[in-house]
Amino acid sequence: MIKHDIVVIGGGPAGMAAAIAAYDGGVKDVVIVDREEKLGGILKQCIHNGFGLHKLGKELTGPEYASVYEKEVTDRGIPVFYETMVTEVSEDRIVTAYSTEGILKIKAKAVILAMGCRERGRGALNIPGTRPAGVYSAGTAQKFVNCMGYSVGKRVVILGSGDIGLIMARRMSLQGAKVEAVCEIMPYSGGLTRNIVQCLEDFGIPLYLSTTVAEIHGGERVEGVTIAQVDEKRRVIEATKRYIPCDTLLLSCGLIPENELTSLAGIPMSTVTGGALVDEHRQTECEGIFACGNVLQVHDLVDYVSDEAEIAGKSAAEYVKGELQTTKTIKTVAGNGIRYVLPQRVAASPKEDVSLFFRVTRPFGKVRYTVTCGDEILSTAVRLKAAPGEMEKITVKAEKLKSVKKEIIVSLEEIQ
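Add 11 to the 1-based position in the sequence shown for my numbering, that's all there is to it.
See the structure below:
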């Protein structure tokens, strides 16, 4: 067994940013454990631009954004265990991992979970029909096309309007394929507005809302799919079924945080976000274990992943140095129109202002967000529109939280 002050699990954007922040926070004994052969995580296959506008003040591709942080990791001399798969994290912060060189056990003073997330596959969707070749998750197709140079198909239907699916609709069009349709079972898109405009509308690709794939057809290869509209309970309306010939079906039906390690460690998790329950320092309910990035909550932009990872990294460094506050915490609650709030608890007397992140339950027009404790209003913000596909943030001043003695509620109201 070897010892390190801070072990970061995952070498994607969250893991790199957390390691850098921990190192800059005064703890130099930081290591990253990553199962791939190169840092960057999902960014390595995201060759489109749009990264870094908020965080770096310039527009970069995914690999370019990753290289900025990879250089920062290298410049600080932070060791990385490549091609090393973590299989267990214990409550007393012992990390067990496997590589080609054997079993590795690390005793850490603090652990940062940054494992990212995976896509929901066909098996979780229960789509009727045959089992031919040509059915891919959107991320898998993205890797085949962008990293390996393979063409996955010529006539494509995409199920789900998540951001990866929208981006792949554009990518397949640029590859010379014909995207027949993007189907979304919900009555609204799950992606960013800018992606709907840039990836679908600019390429003339139709988006069918309240529509799903009712059946897959084909023997060895996909030959077509039957799509149909759904009612308010997401049941197929038989009279609306129609057949679309295609040779490829891409699935963009949501992301699942990779929290198997979190669960094995006995860390309480949210049933809504799929990630750990954390405080404003991103510390889980297991002392000394922190979480950040998509393993904690699915983000829209990598810039926000980096921001959150820096909070976790800085806090982990403070924990190792014995400087992290462990005061009484107050629970945060999702009120009217709000799906969840993160962090799920905040310190009763924080040293700094606290930012609350949340998503709405459905699309709204102009809204006012309000953070309250009893009859006291702690913070408000007005937005011209709100959608489930776009994460929202509201900041509460530290002095406002000093008088709080019961749960904090985040809610919205529609305004004219």
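Virtual Cβ for every residue (Gly too), placed ideally from N, Cα, C.
Remember, predicted model here, so these are calculated numbers, not experimental data.
| Check | Outcome |
| --- | --- |
| Do you know offhand how far LYS416's Cα is from LEU307's? | 26 Å |
| I need the DSSP call for ASP151, collapsed to helix, strand or coil. | The sequence given here has Thr at residue 151, not Asp. Correct three-state label for THR151: helix. |
| Are the segment 196-206 and the segment 170-181 in contact at 8 Å, needing three or more beta carbon pairs? | yes |
| For PRO445, does the count of other Cβ atoms within 10 angstroms reach 16, so buried, or fall short, so exposed? | Absent from the structure is residue 445, since the part of the chain shown begins at 12 and ends at 427. |
| On the DSSP letters alone, give me the boundaries of the beta strand (DSSP E) that GLY235 sits inside. | 233-240 |
| Taking buried to mean at least 16 other C-beta atoms within 10 Å of its own C-beta, is LYS332 buried or exposed? | exposed |
| For VAL393, which of SER281, PRO256, PRO90 and VAL378 has the nearest alpha-carbon? | VAL378 |
| If you drop the 5 nearest sequence neighbours on each side, which residues of the same chain put their C-beta closer than 8 Å to that of TYR147? | PHE155, VAL163, THR259, LEU260, LEU261 and LEU262 |
| Any idea if ILE426 is buried or exposed, counting beta-carbon neighbours within 10 angstroms, 16 or more meaning buried? | exposed |
| Which whole-angstrom value describes the C-beta separation of GLU403 and PHE375, a residue pair presumed to lie in contact below a C-beta threshold of 8 Å? | At roughly 11 Å, the Cβ-Cβ gap does not stay under 8 Å, so GLU403 and PHE375 are not in contact. |
| Write down every uninterrupted run of the beta strand (DSSP E) in the segment 92-131 whose length is 3 residues or greater and which is fully enclosed by it, in chain order. | 96-100, 105-110, 113-124 and 128-130 |
| Thinking ILE43 and GLY68 are a contact (beta carbons under 8 Å), I'd like their distance in whole angstroms, please. | At roughly 26 Å, the Cβ-Cβ gap does not stay under 8 Å, so ILE43 and GLY68 are not in contact. |
| If you draw a straight line from the alpha carbon of GLN186 to that of LYS55, how long is it in whole angstroms? | 19 Å |
| Would you grab the beta carbon distance between THR98 and THR107 for me? Rounded to a whole angstrom, and I think it's under 8 Å. | 6 Å |
| Who are the Cβ neighbours of VAL41 in its own chain at under 6 Å, not counting the five residues just before and after it? | ILE17, ALA30, ALA33, TYR34 and ILE89 |
| According to DSSP, what are the bridge partners of CYS194? | LEU170 and TYR219 |
| Going along the chain, which residues of its own chain have a beta-carbon closer than 6 Å to the beta-carbon of PHE92, five neighbours each way excluded? | VAL44 |
| Sorted by chain position, which residues of the same chain lie with C-beta nearer than 8 Å to ILE58's C-beta, five sequence neighbours on each side aside? | THR72, GLY73, PRO74 and ASN157 |
| Just how far apart, CA to CA, sit ILE341 and MET96? | 36 Å |
| Which runs of the alpha helix (DSSP H) at least 4 residues long sit entirely within the segment 311-340? Give them in chain order. | 313-331 |
| Output the distance between the C-alpha atoms of GLY230 and GLY145, rounded to the nearest integer angstrom. | 11 Å |
| At the level of alpha carbons, what is the spacing between SER228 and VAL168? | In the sequence on display, residue 228 carries His and not Ser. Those two C-alpha atoms are separated by around 12 Å. |
| Along the chain, where does the alpha helix (DSSP H) that runs through SER274 open and close? | 271-275 |
| Using the C-alpha atoms, what's the distance from LYS39 back to ILE20? | 16 Å |
| Along the chain, which unbroken stretches of the beta strand (DSSP E) at least 3 residues long are found entirely within the segment 15-65? | 41-44 |
| Of the residues GLY265, VAL309 and LYS189, which one's Cα is nearest the Cα of MET126? | VAL309 |
| Quick check on DSSP: helix, strand or coil for TYR80? | helix |
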